[in-house]
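The structure under discussion appears below in the form of structure tokens.
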Amino acid sequence: MPDRILHEANRASWNAATRAHNSHKGDQARFLRQGGCTLFPEELALLGPLEGLDLVHLQCNAGQDTLSLARRGARVTGVDISDEAIAVAQALADDSAIPGTFVRSDVYDWLATTVDRFDVAFSSYGALCWLSDLRTWARGVAQVLRPGGRLVVVDFHPLAAMLDEDWQFRHPYASNGQALEFPEGISDYVAGSAGALVPWGYEPGLQGFRNPHPAHEFFWSLGDIVTAVLRAGLRLEALDEYPWSNGCQLLPGMRPLEGRRFGSPEGLPEIPLMYGLSAHKTASA
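Per our numbering, the sequence shown starts with residue 45, numbered consecutively.
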């Protein structure tokens, strides 16, 4: 069963962190109005053409990627647990004049109650580690997809989550649904990655952010994720692994690469830092 008590604790941590994140983003509405896009090649390749499709972006954060998907022709709905993130996302839609619907909700509550159906369900970049019940999530995704609809996930690789700041193994590869508590809470990773996450112009914003609210994460293996998707009745189309991290400097010492990416530090072997998954709901489901 989903652990809504820990979800609410994470909501507080995300609300605090989101205020710090958005202090660095400047006039992102202008960037979008002028045709800017925050998406990376990996998700665009997995998503394919979006013109005229209904798309839900689960755990959409502050909406930049959601509205970038709308610019590619999708009718978008973004869902996120953070009050701060949804407020920013709705303001960004208004200020950029890009249509999008944003809903503040625990993703499990939204999946269980929505009557809408979608051609695409999308989840990206640090999303699945906040899910306390992977199989309930996957069944909910399958339920909201139309026959032929697709799930696309691009996220940080479970192997990368095992490492500490010294690139030593610290955490388990999978926590079997048990939460790992991080007293320091969600960090200001936008500041840590600087312009890689803010291509329109990084601003110093809030300095020295410390989150007063702890965070609770759930470590799922790649096998856990794929099995949950398959048991929900979806048919796997692709599973790709990438030796870089898009936009986010996950750990100190990562090597900057072209295209706003980061790789393993010099002298260390390449390891998978992200993965991409696509699956579809069969027409008979």
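Glycine included, C-beta positions come from ideal geometry on N, C-alpha and C.
* Three-state secondary structure (DSSP) at Thr-247? -> Per the sequence shown, the amino acid found at residue 247 is Glu instead of Thr. Residue state, collapsed to three classes: coil.
* To do: Could you have a look at Met-206 and say whether DSSP puts it in helix, strand or coil?
  => helix
* Asked: For Thr-326, does the three-state DSSP call read helix, strand or coil?
  -> If DSSP states are grouped into helix, strand and coil, Thr-326 belongs with coil.
* Asked: Based on the DSSP output, what are the partners of Asp-199 in its beta bridges?
  -> Tyr-319
* Out of curiosity, what's the CA-to-CA distance linking Ser-57 and Ala-323? -> 31 Å
* **For Leu-266: DSSP bridge partner residues** => In the DSSP assignment, Leu-266 forms no beta bridge with any residue.
* To do: Just mark Asp-71 as buried or exposed, buried being the case when its beta carbon has 16 or more other beta carbons within 10 Å.
  => Per the 10 Å Cβ criterion, exposed.
* Asked: If we count the other Cβ atoms within 10 Å of its Cβ and call it buried at 16 or more, is Asn-105 buried or exposed?
  -> buried
* On the DSSP bridge assignment, give the partners of Phe-84 in chain order. => Phe-84 pairs with nothing; no bridge assigned.
* Asked: Cα separation between His-51 and Pro-258?
  -> The C-alpha of His-51 lies about 11 Å from the C-alpha of Pro-258.
* Just grab the DSSP bridge partners of Thr-121 for me. => Val-100 and Thr-145
* Whose CA, out of Asp-210, Val-197, His-68 and Gly-297, lies closest to the CA of Val-273? -> Out of Asp-210, Val-197, His-68 and Gly-297, Val-197 has the C-alpha closest to the C-alpha of Val-273.
* **Cβ-based burial, Pro-202 [other Cβ within 10 Å; buried from 16]** => buried
* Could you name the residues of the same chain whose beta carbon sits closer than 6 Å to that of Leu-283, not counting the 5 residues immediately before and after it, in chain order? => Leu-321
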